[in-house]
Amino acid sequence: MSPVLSGALQVLALVAALALAYRPLGDHMARVYSSTKDLRVEKWIYRAVGADPRTEMRWPAYLRGVLAFSVVGVLFLYLLQRLQGVLPGSLGFVAIDPDQAFNTAASFVANTNWQSYYGEQAMGHVVQTGGLAVQNFVSAAVGMAVAVALVRGFARSRTGELGNFWADLVRGTVRILLPLSVVGALVLAATGVIQNFSGIHGVGQFDGSVQQFNGGAVASQEVIKELGTNGGGYFNANSSHPFENPNGFSNLFEVFLILLIPFAMTRTFGRMVGSLRQGYAILATMAAFWLGFTALMMWTESAHHGPAFEIAGGAMEGKETRFGIAGSSIFAVATTLTSTGAVNSFHSSFTGLGGGITMLGMQLGEIAPGGVGSGLYGMLVMAVVAVFLAGLMVGRTPEYLGKKIGIREIKLAACYILITPALVLGLTAAALALPTPAGSMTNTGAHGFSEILYAYTSGANNNGSAFAGLNADTQWFNTTIGLAMLLGRFLPMVFVLALAGSLARQSPVPPTAGTLRTQKPLFSGLLAGTVVIVTGLTYFPALALGPLAEGLAS
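As structure tokens, then:
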């Protein structure tokens with residue numbers, strides 16, 4: 089079967105599975121975040137943390153809850169790594185170095201899951217399961233809570249209250265992520281993903297050497313790694329390791345998990361604002377980007393350029409034969425258009441243009457469909473900008489979902505958009521200007537530039553995938569990428585919640601004959617164009633120096 093046909097069939101299967109899950113999951117999430125009842129286990133959690141789920145919060149209080157919870161998470165995970173040598177179940181591994189412990193703690197709390205270490209050679213069972221896996225759940229729930237707060241900003245009027253952060257956090261974890269993870273872990277275990285607490289054991293090789301393998305609770309961590317768009321692997325090889333992703337079915341199922349919640353949240357949005365067609369308009373924009381990027385990636389990786397490519401059937405360097413070009417391309421696009429960052433192939437080994445596609449997917453803001461929560465609120469911010477631009481073109485006051493988009497709203501949206509490019513381009517320039525960081529590159533020229541650009545793009549956009557070829561386990565990269573991850577995660581949330589509070593205080597504006605119909609295909613096209621022009625062109629000069637130059641030269 090040709091890679092193109094294989095890819096087309098896999099995409100059709102994904103679309104069918106996602107379509108079946110879209111309505112029930114989207115409606116379930118809307119009910120969860122609109123419910124006034126608490127489960128018994130949720131009441132226990134509220135008592136433990138001293139929270140009152142009935143207390144409504146304005147955006148500053150909601151933000152304080154997000155930041156306080158995240159700061160505690162960073163400190164706890166940092167200390168857990170630093171104390172690993174004295175903890176049970178450490179498998180004999182020593183404490184993690186301070187700079188790497190900070191980088192890893194920042195990474196998992198920020199839902200980035202950037203890893204500058206070899207998982208099976210550094211982390212024991214306690215850190216992997218009690219630290220990293222826990223953050224996979226709660227960091228995803230934080231992103232979903234912020235997205236729901238913004239949706240409430242559109243849905244509510246004449247009030248600054250956005251709900252209760254602690255209630256949203258707990259409900260998202262207990263009622264959405266945990267049940268789906270239990271079912272998903274059973275499916276992954278059935279496909280061959282391991283689930284145990286085995287120690288290190290050796291297997292004899294034909295040459296007389298002994299290769300060591302770790303066991304671990306991999307299936308339960310793998311499912312939330314994908315479902316929560318986290319991406320951090322139990323093993324260094326991530327989702328190309330057969331213990332994490334053994335076959336073609338598990339590969340497609342993991343892509344399904346990655347896309348499931350981000351796409352379904354568009355229906356949650358439509359249900360909560362009282363117009364499902366508004367959710368469909370956002371969904372159409374996201375789906376168009378995802379399908380377009382997937383088709384383009386499969387084309388670039390399947391094109392034959394010379395005898396080596398023709399013999400292999402395409403660009404097979406760095407790809408697993410059990411997934412092939414189609415499975416690798418679909419996975420790469422899914423993880424970089426979301427904030428997942430898991431990899432089943434080496435992105436550095438993709439063609440020049442293929443590597444550029446993975447970078448561009450992150451640089452668009454990971455909004456197609458994006459991370460759990462972050463994809464929806466990122467696309468809604470772009471929708472605000474699109475409505476503002478439409479208002480400028482026709483000379484009318486811009487409105488979106490019955491709310492006027494004034495000076496305050498557009499300033500907040502602009503600040504949201506500018507944060508990530510400033511971090512990515514500024515830190516990339518600093519790394520290339522200083523002698524020490526540049527020494528970590530194993531490649532020169534355009535590809536070497538791409539390695540560093542990709543690293544900061546991945547960190548600041550909370551993706552976590554790596555281009556490979558870059559030695560990021562240095563004090564410079566551990567520290568600067570750690571800061572990029574924290575700032576790239578939480579600074580945008582400040583502006584999202586401020587925007588939500590501003591919208592919630594407004595009185596609704598009734599639609600008129602001149603109101604832009606944001607539920608129509610015309611608006612979806614305008615939104616897609618806004619994403620490409622406003623965010624994509626920001627990075628074009630940098631892309632021209634890296635992947636575009638490499639792709640045109642090959």
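Residue numbers (the working numbering): 89 to 642.
Ideal placement from N, C-alpha and C gives every residue a C-beta, glycine not left out.
#1: What would DSSP say about residue 302, mapped onto helix, strand or coil?
#2: Quick one: what's got a C-beta closer than 6 Å to residue 258's C-beta in the same chain, skipping five residues either side?
#3: Could you work out which residue in 179, 215 and 415 is closest to residue 301 when comparing CA atoms only?
#4: Locate the alpha helix (DSSP H) running through residue 358, then write down its first and last residues.
#5: Quick check: the Cα distance between residue 578 and residue 155, rounded to an integer number of angstroms?
#6: Can residue 570 and residue 190 be called in contact, C-beta distance under 7 Å?
#7: Is it the case that the Cβ atoms of residue 635 and residue 538 are separated by a distance below 7 Å?
#8: At which residues does the alpha helix (DSSP H) containing residue 466 begin and terminate?
#9: Which term fits residue 457, buried or exposed, when burial requires 16 or more other beta carbons within 10 angstroms of its beta carbon?
#10: Taking residue 619 and residue 470 to be in contact with their CB atoms under 8 Å, please state how far apart those CB atoms are, rounded to whole angstroms.
#11: Since residue 473 and residue 622 should fall inside the 8 Å C-beta cutoff, what is the C-beta to C-beta distance between them, to a whole number of angstroms?
#12: Taking residue 171 as part of the alpha helix (DSSP H), name the residues at either end of that continuous run.
#13: Measuring straight from C-alpha to C-alpha, what distance separates residue 536 and residue 633?
#14: Pull up the distance between the alpha-carbon of residue 230 and that of residue 137, whole angstroms please.
#15: Given a cut-off of 7 Å on the beta-carbon distance, is the pair residue 547 and residue 202 in contact?
#16: Among all the DSSP beta bridges, which residues are the ones paired with residue 651?
#17: Might you give, ordered along the chain, the residues of its own chain that have their beta carbon closer than 8 Å to the beta carbon of residue 609, omitting 5 neighbours on each side?
#18: Kindly indicate which residue of 140, 144, 207 and 139 has the alpha-carbon position closest to the one of residue 169.
#19: Whole angstroms are fine: how far does the CA of residue 601 sit from the CA of residue 98?
#20: Cβ atoms of residue 482 and residue 234: under 7 Å apart, would you say?
#21: By DSSP's criteria, residue 146 is part of a beta bridge. Which residues make up the other side?
#22: If we ignore side chains and look at the alpha-carbon of each, how far apart do residue 468 and residue 199 end up?
#23: How big is the Cα-Cα spacing for residue 307 and residue 477?
#24: If we ignore side chains and look at the alpha-carbon of each, how far apart do residue 218 and residue 484 end up?
#25: In the DSSP assignment, find the alpha helix (DSSP H) that holds residue 569 and state where it starts and stops.
#26: So residue 385 and residue 352 are in contact, right, with Cβ under 8 Å, and what is the actual spacing, rounded?
#27: Which word fits residue 339, buried or exposed, when buried means at least 16 other C-beta atoms lie within 10 angstroms of its C-beta?
#28: List the whole-angstrom C-beta distance separating residue 356 from residue 114, where the pair is believed to meet the contact cut-off of C-beta under 8 Å.
#29: Going straight from the alpha carbon of residue 303 to that of residue 276, what length do you get?
Result, derived from the coordinates:
#1: For the purposes of this step, residue 302 is identified with residue 214 of the sequence shown, where counting begins at 1. Correct three-state label for residue 302: strand.
#2: Counting from one through the sequence shown, the residue named residue 258 turns up at place 170. Cβ neighbours of residue 258 beyond the five flanking positions: 130 and 133.
#3: The residue given as residue 301 occupies position 213 in the sequence shown. Answer by Cα proximity: 179.
#4: Position 270 of the sequence shown, counted from the first residue, corresponds to residue 358. That run of the alpha helix (DSSP H) goes 336–361.
#5: Counted from its first residue, the sequence shown places residue 578 at position 490. Counted from its first residue, the sequence shown places residue 155 at position 67. Their backbone Cα atoms lie some 8 Å apart in a straight line.
#6: To locate residue 570, count along the sequence shown from 1; it is residue 482. To locate residue 190, count along the sequence shown from 1; it is residue 102. Cβ atoms of residue 570 and residue 190: closer than 7 Å.
#7: Position 547 of the sequence shown, counted from the start, is the residue given in the question as residue 635. Position 450 of the sequence shown, counted from the start, is the residue given in the question as residue 538. Going by C-beta atoms, residue 635 is nearer than 7 Å to residue 538.
#8: Stepping through the sequence shown from its first residue, residue 466 is reached at position 378. Its alpha helix (DSSP H) spans residues 462–482.
#9: Position 369 of the sequence shown, counted from the start, is the residue given in the question as residue 457. Answer is buried; the Cβ neighbour count reaches 16.
#10: Counting from 1 along the sequence shown, the entry for residue 619 is found at position 531. Counting from 1 along the sequence shown, the entry for residue 470 is found at position 382. At roughly 5 Å, the Cβ-Cβ gap stays under 8 Å, so residue 619 and residue 470 are in contact.
#11: Residue mapping note: residue 473 aligns to position 385 of the sequence shown, counting from 1. Residue mapping note: residue 622 aligns to position 534 of the sequence shown, counting from 1. The pair is a contact, with the Cβ atoms about 6 Å apart (cut-off 8 Å).
#12: Sequence index remark: in the sequence shown, residue 171 carries index 83 (1-based). Neither: residue 171 is in no alpha helix (DSSP H) and is coded neither H nor E.
#13: Within the sequence shown, the letter at position 448 stands for residue 536. Within the sequence shown, the letter at position 545 stands for residue 633. Rounded to the nearest angstrom, the two C-alpha atoms are 10 Å apart.
#14: To locate residue 230, count along the sequence shown from 1; it is residue 142. To locate residue 137, count along the sequence shown from 1; it is residue 49. Near 16 Å, if we compare the C-alpha coordinates of residue 137 and residue 230.
#15: By one-based count along the sequence shown, residue 547 stands at place 459. By one-based count along the sequence shown, residue 202 stands at place 114. Against a cut-off of 7 Å, the Cβ pair of residue 202 and residue 547 comes out as a contact.
#16: Examination of residue 651 is not possible in this model, given that the chain is present from 89 through 642 alone.
#17: Along the sequence shown, read from residue 1 onward, the residue named residue 609 stands at position 521. Hits under 8 Å: 369 and 372.
#18: On the sequence shown, position 81 is the one that residue 169 refers to. For the residues 140, 144, 207 and 139, the minimum Cα distance to residue 169 belongs to 207.
#19: On the sequence shown, position 10 is the one that residue 98 refers to. On the sequence shown, position 513 is the one that residue 601 refers to. Distance between the alpha carbons of residue 98 and residue 601: 44 Å.
#20: If you number the sequence shown from 1, residue 234 lands on position 146. If you number the sequence shown from 1, residue 482 lands on position 394. No, the Cβ-Cβ distance between residue 234 and residue 482 is not below 7 Å.
#21: Here residue 146 refers to the residue found at position 58 when the sequence shown is read from its first residue. Answer by DSSP bridge pairing, in chain order: 249.
#22: Residue 468 sits at position 380 when you count from the first residue of the sequence shown. Residue 199 sits at position 111 when you count from the first residue of the sequence shown. Residue 468 and residue 199: Cα-Cα distance of roughly 20 Å.
#23: Against the sequence shown, residue 307 aligns to sequence position 219. Against the sequence shown, residue 477 aligns to sequence position 389. Cα to Cα, residue 307 sits roughly 46 Å from residue 477.
#24: For the purposes of this step, residue 218 is taken as the residue at position 130 of the sequence shown. For the purposes of this step, residue 484 is taken as the residue at position 396 of the sequence shown. Roughly 54 Å separates the two Cα atoms.
#25: Position 481 of the sequence shown, counted from the start, is the residue given in the question as residue 569. Per DSSP, residue 569 belongs to the alpha helix (DSSP H) from 563–592.
#26: The residue given as residue 385 occupies position 297 in the sequence shown. The residue given as residue 352 occupies position 264 in the sequence shown. About 24 Å; that fails the 8 Å criterion.
#27: The sequence position of residue 339 within the sequence shown is 251, counting from 1. Per the 10 Å Cβ criterion, buried.
#28: Position 268 of the sequence shown holds residue 356. Position 26 of the sequence shown holds residue 114. About 5 Å separates the two Cβ atoms, so the contact holds.
#29: On the sequence shown, position 215 is the one that residue 303 refers to. On the sequence shown, position 188 is the one that residue 276 refers to. Looking at the two C-alpha atoms, the distance is approximately 15 Å.
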